[in-house]
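Numbering (this note's numbering), first residue to last: 8 to 143.
The beta carbon of each residue, even a glycine, is placed where N, CA and C say it ideally should be.
See below for the structure under consideration.
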Amino acid sequence: MVDAIISPILEQLTSTAVEEAKEQVRLVTGVGKEVTKLTSNLRAIQAVLYDAEKRQVKQETAVRLWLDQLRDACYDMEDVLDDWSTARLKLQINKKKVCSFFSAASCFVCKPLVLRRDIALKIKEINETLDDIAKQ
C-alpha cells in the first residue's frame, strides 16, 4: 500500500530533478552563444538609444519612459558582459598559478561551471526584461 503511494511520488520527483538538471546543463553549455547574442542585442539597443538622443524630438512621456527602461537594460547588459570578460581573464590567470589539489579542482572544474551558470542566469533575466520592454 505504501509502495503504491510512494512510488509515483518518487517517479515524479525524479522526473522533476532530471528536467532541472537538463535545464542547468543547457544554461552552462549554451552560455557562449548567449553572450554573443547579448553582445549583438546590446549593439542594436545602443544604436536605437543613440538615434533617439540624436533626434532630441519632444517625445511623449511613454516613449521617454520606454527609452529609460531600455537604457537601464543596456547598462545591465554591459555589466554582465564586463563580468563575463573579467571572470574569463581571472580564470586564465589562475590556470597559470600553481594550485594545491583542492584549489586546482576548484580552479579548473567548479569555477568555470559556476561562472557560466551565473552569467547564463543573468542573461536569462535580462532577456526577460527585454521581452517585458518589447511588450510595452
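Near residue i, what residues of its chain come up, given a Cβ to Cβ distance below 6 angstroms and the 5 sequence neighbours on each side ignored?
i, result
"K129", "V87"
"I126", "V38, W91"
When the Cα of residue i is compared with those of the options, which residue comes out closest?
i, options, result
"K40", "D75, L137, T21, R123", "R123"
"I133", "L77, N101, K97, Q99", "L77"
"L120", "R95, E18, M84, D89", "R95"
"R74", "L98, A54, T93", "The question names Arg, but residue 74 is Leu in the sequence shown. The shortest C-alpha separation from L74 is found at A54."
"D89", "V70, R62, R71, T43", "T43"
"Y82", "V70, R50, R62", "R50"
"Q143", "V70, S47, N48, I52", "V70"
Give a yes or no on whether the C-beta atoms belonging to residue i and residue j are separated by under 8 angstroms.
i, j, result
"T136", "A59", "no"
"M84", "L45", "yes"
Less than 7 angstroms between the CB of residue i and some heavy atom of the ligand SAM, yes or no?
i, result
"E60", "The ligand SAM is not part of the structure shown, which contains no ligands of any sort."
Tell me which residues share the same chain as residue i and place their Cβ nearer than 8 angstroms to its Cβ, disregarding the 5 neighbours each side in the sequence.
i, result
"P15", "none"
Would DSSP call residue i helix, strand or coil?
i, result
"E18", "helix"
"V132", "According to the sequence provided, residue 132 is Glu. The question's Val does not apply to it. Here E132 sits in helix by DSSP."
"Q143", "coil"
"E67", "coil"
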